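S.K.:
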Amino acid sequence: MKRVSKGALLIAVAVTAGLGFAGAALAQQTASGASQATPKGWNYEIKDGKRVPKSGNRVTNADGSWREETRQGSCVTVKEKTAAGEYKESRRCD
């Protein structure tokens, strides 16, 4: 009778371990299938599996304010946001 209970215990442990590994593999597949954000400081974004240059040069200050310049041909768009939350966008063409 002891041999049957040890065998049943071993089967239960094996089934539980198998389900745990399958659940971990499924969680990893769903996480890698979702689109991930490109880390800060990189000069490109990944869209549709391809590298695409980021839109502009953004400089972020310690107080939370930032300034970004984007060039399109001979025109430059400057976007600024202050630490207080005020947003300003200007465009000049040379």
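For the sequence shown, the residue numbers in mature numbering (1 follows the signal peptide of the UniProt record, and there is no 0) are -27 to -1, 1 to 67. Here a beta-carbon is modelled for each residue, glycine too, at the ideal position from N, C-alpha and C. Quick caveat: nothing in here was measured; it's all calculated off a predicted structure.
Return the chain-ordered list of same chain residues with a C-beta closer than 6 Å to the C-beta of Glu53, the five sequence neighbours on each side being excluded.
M.R.: Arg40 and Lys61
S.K.: Going by DSSP in three states, Lys(-22) sits in which element: helix, strand or coil?
M.R.: helix
S.K.: Taking only the alpha-carbon atoms, compute the straight-line gap between Cys48 and Ala35 and give it to the nearest angstrom.
M.R.: 29 Å
S.K.: Tell me which residue opens and which closes the beta strand (DSSP E) that Asn30 is part of.
M.R.: Asn30 to Thr33
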